[in-house]
Amino acid sequence: MEFFRFSVQFKFQHRYSLCYTSNVTCVTHHLHIAFWPPPREYYFFIGDNTESIDKSEKEPLNQQYIVRKANKNCLRRKDWRFGLEHRCAAEISGIECFVTETEKKNHIACVFVRKSRPRYTLLFSHPNGSDISDHLVGLPNLHDAARFFNCNVCSYDYSGYGISEGNPSEKNMYSDINAVYKYLLEDLCIPETNIILWGYSIGTVASIELAKQAGKLAGLILLAPVASIIRAICWGKCCWNRNEQCGRLADCCSDGFNNVKKISEIEMPTLIAHGVQDTIVTIEHGKALYQLCPGAVKPLWVPDVGHNNLENSSMLWHRMRKFINREARPPLKRKRCKSSEKYIKNKKTIIR
Numbered sequence: 001m002e003f004f005r006f007s008v009q010f011k012f013q014h015r016y017s018l019c020y021t022s023n024v025t026c027v028t029h030h031l032h033i034a035f036w037p038p039p040r041e042y043y044f045f046i047g048d049n050t051e052s053i054d055k056s057e058k059e060p061l062n063q064q065y066i067v068r069k070a071n072k073n074c075l076r077r078k079d080w081r082f083g084l085e086h087r088c089a090a091e092i093s094g095i096e097c098f099v100t101e102t103e104k105k106n107h108i109a110c111v112f113v114r115k116s117r118p119r120y121t122l123l124f125s126h127p128n129g130s131d132i133s134d135h136l137v138g139l140p141n142l143h144d145a146a147r148f149f150n151c152n153v154c155s156y157d158y159s160g161y162g163i164s165e166g167n168p169s170e171k172n173m174y175s176d177i178n179a180v181y182k183y184l185l186e187d188l189c190i191p192e193t194n195i196i197l198w199g200y201s202i203g204t205v206a207s208i209e210l211a212k213q214a215g216k217l218a219g220l221i222l223l224a225p226v227a228s229i230i231r232a233i234c235w236g237k238c239c240w241n242r243n244e245q246c247g248r249l250a251d252c253c254s255d256g257f258n259n260v261k262k263i264s265e266i267e268m269p270t271l272i273a274h275g276v277q278d279t280i281v282t283i284e285h286g287k288a289l290y291q292l293c294p295g296a297v298k299p300l301w302v303p304d305v306g307h308n309n310l311e312n313s314s315m316l317w318h319r320m321r322k323f324i325n326r327e328a329r330p331p332l333k334r335k336r337c338k339s340s341e342k343y344i345k346n347k348k349t350i351i352r
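The C-terminal position of the sequence shown is numbered 352 in the UniProt record's numbering, with every residue numbered one higher than the one before it.
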């Protein structure tokens, strides 16, 4: 992890010095150094054979398929199942898998863990070094979250992660979460007021961007949030020292993932949690966002916890449950959604 931080810091400092010394306004649209998609270890499938779906619209969709790269044909089915590439791994059951299309025309993989009487639906945006398979097989996982919080849990892979199409970028990430959010509203008929956004690390960037646009959401949960990319990489290293306040530093033309500029617009109940021993995104980031967020509730600074093991803290899980049950906006009664009932001929089931 220290090597990872050093290599990223070196790349960025070199780029920053070029921008600074040339005295040219440099607006970075895609900071690829922030995305580290892991090797793909899962696929979506229907049935038991190994024939892969191709991108031809002429290919009939009445056969059985394995999907290792999502495409527009995948939109025609909502009965996908979740398989792992390791030959000894069992199918991940108890989830609904679907593919949705973003405004950038990327097709991204999504999973939905359903509860029979959920209080809310949590929309989870994962860190930059994992994909949805990690959060289905790890401990704790999305099933654990659904049970512990008594909520539906939906998650997705960013463009370029897992079987999702496209390349990872900040703009694509915003397009990704918007597409999933739209699916929850229109296809699953979940009211905006019954959705809580839940972001972890770089996932907080997508969550804050959506929260800024959708003001009626029930709440926002930010785990180990980043104030901005420069602050994450250069804090206390080359640009600024730790005696300054992270949230009040001047912006740079090369900055991105700028949560610190957006957080002042978030008025919904917001829980911020950070590990005190976090050396990747230091706790100053969480504290800066807490100070600037109008909707912030009492934060949680978890002792003896770093960046990658924050989700393993029982203190965090109990604080999140308190937020969901007591501090988030009350959910509305969900109405029946007739438009979401679709008949799948080959399975003879109704997806609701």
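Glycine included, C-beta positions come from ideal geometry on N, C-alpha and C. In this text the structure is predicted, and so the values were computed from the model without any measurement.
Looking at Ile46: is its Cβ nearer than 9 Å to the Cβ of Arg81? When the beta-carbon positions are compared, Ile46 and Arg81 come within less than 9 Å of each other.
How many Å lie between Tyr139 and Asn312 at the Cα? It should be pointed out that residue 139 corresponds to Leu in this sequence rather than to Tyr. Straight through space, the alpha carbons of Asn312 and Leu139 are spaced by roughly 8 Å.
When DSSP builds the beta bridges, which residues end up paired with Tyr42? Answer by DSSP bridge pairing, in chain order: Leu84.
Start and end residues, alpha helix (DSSP H) containing Val204: In the sequence on display, residue 204 carries Thr and not Val. DSSP places Thr204 in the uninterrupted alpha helix (DSSP H) bounded by 203 to 213.
Val305, buried or exposed, once every other Cβ within 10 Å from all chains shown has been counted against 16: The residue is buried, with at least 16 neighbouring Cβ atoms inside 10 Å.
Which full runs of the beta strand (DSSP E) of 3+ residues lie inside the segment 299 to 325, going along the chain? Contiguous beta strand (DSSP E) elements confined to the segment 299 to 325 occur at 300 to 302, taking only those with 3 or more residues.
Suppose only complete runs of 4+ residues qualify. What are the alpha helix (DSSP H) ranges in the UniProt domain "Serine aminopeptidase S33" (150 to 230), listed by chain order? Listed in chain order, the complete alpha helix (DSSP H) runs (minimum 4 residues) inside the UniProt domain "Serine aminopeptidase S33" (150 to 230) are 170 to 186, 203 to 213.
Where the alpha helix (DSSP H) through Lys284 begins and ends: Just to set this straight, residue 284 is Glu in the shown sequence, not Lys. Unbroken alpha helix (DSSP H) run through Glu284: 283 to 292.
Count the other CB atoms, across all protein chains shown, that sit within 10 Å of the CB of Pro294; report buried if there are 16 or more and exposed otherwise. By the Cβ neighbour-count rule, Pro294 is exposed, with fewer than 16 other Cβ atoms within 10 Å of its own.
Does His285 pass the burial test, meaning 16 or more other C-beta atoms within 10 Å, or should it be called exposed? Classified as buried, His285 has 16 or more neighbouring CB atoms from the shown chains inside 10 Å of its CB.
Go to His135, then tell me how far its alpha helix (DSSP H) extends in each direction, as first and last residue. Unbroken alpha helix (DSSP H) run through His135: 134 to 137.
In this structure, does DSSP put Ile92 in helix, strand or coil? In the structure shown, Ile92 sits in a strand (DSSP, three-state: E or B).
With 16 other Cβ atoms within 10 Å as the buried cut-off, status of Leu332: So Leu332 counts as exposed.
Met268 (DSSP reduced to helix, strand or coil): In the displayed model, Met268 falls within coil according to three-state DSSP, outside both helix and strand.
What does the alpha-carbon distance come out to for the pair Gly203 and Phe112? Near 17 Å, if we compare the C-alpha coordinates of Phe112 and Gly203.
Could you give the DSSP three-state label for residue 385: helix, strand or coil? Lying outside 1 to 352, the shown extent of the chain, residue 385 is not represented and no answer is given.
Beta-carbon separation of Ile208 and Leu123 under 9 Å? A distance of 9 Å or more separates the beta carbons of Ile208 and Leu123.
Measuring alpha carbon to alpha carbon, tell me which of Ile229, Ile230, Asn308, Phe44 ends up nearest Thr279. When each option's Cα is compared against that of Thr279, the closest is Asn308.
Beta-carbon spacing of Leu210, Leu310 below 9 Å: No, the pair does not count as a contact, with Cβ atoms beyond the cut-off.
Spatially closest choice to Pro303 from Arg321, Ala296, Ile283, by CA coordinates: It is Ile283.
I want to know whether the segment 213 to 231 touches the segment 141 to 152 - three or more CB-CB distances under 8 Å. The segment 213 to 231 vs the segment 141 to 152: no contact.
Which residues mark the beginning and the end of the beta strand (DSSP E) in which Val260 is found? Here Val260 belongs to no beta strand (DSSP E); instead the alpha helix (DSSP H) covers 259 to 262.
With distances taken from CA atoms, which of Tyr42, Met268, Arg68 is nearest His86? Answer by Cα proximity: Tyr42.
Reduced DSSP secondary structure (H/G/I, E/B, other) of Ser52: Only weak support exists for where Ser52 lies, its pLDDT of 48 falling under 50; the coordinates are left without a value.
Which residue comes first and which comes last in the beta strand (DSSP E) that contains His107? The continuous beta strand (DSSP E) containing His107 extends over residues 107 to 113.
Confirm, please, whether the CB-CB distance from Arg40 to Arg77 is below 9 Å. Against a cut-off of 9 Å, the Cβ pair of Arg40 and Arg77 comes out as no contact.
Check Ile280 in the structure and name its three-state DSSP category. Coil.
Thinking C-alpha only, which one of Ile266, Pro118, Val281 is nearest Leu194? Reading off the sequence shown, one finds Asn at residue 194, where the question assumed Leu. Per the Cα distances, Pro118.
So, for Ala70: in the same chain, excluding its five sequence neighbours on each side, which residues have a beta-carbon less than 7 Å away from its beta-carbon? In the same chain as Ala70, and ignoring 5 residues on each side of it, the C-beta atoms closer than 7 Å to its own belong to Val99, His107, Ile108, Ala109, Ile163, Ser164, Glu165, in chain order.
Among all the DSSP beta bridges, which residues are the ones paired with Ala273? Its beta-bridge partners are Leu223, Leu300.
Once the 5 residues before and after Tyr158 are set aside, which same chain residues still bring their CB inside 6 Å of it? Pro168, Met173, Asp176.
Thinking just about the alpha-carbon of each residue, which of Val276, Trp198, Leu289 is nearest to the one in Pro127? Nearest of Val276, Trp198, Leu289 to Pro127, Cα basis: Trp198.
Taking the alpha carbon of Glu103 as the point to measure from, which residue in Asn178, Asn259, Ile190 has its own alpha carbon closest? Here the closest residue by C-alpha is Asn178.
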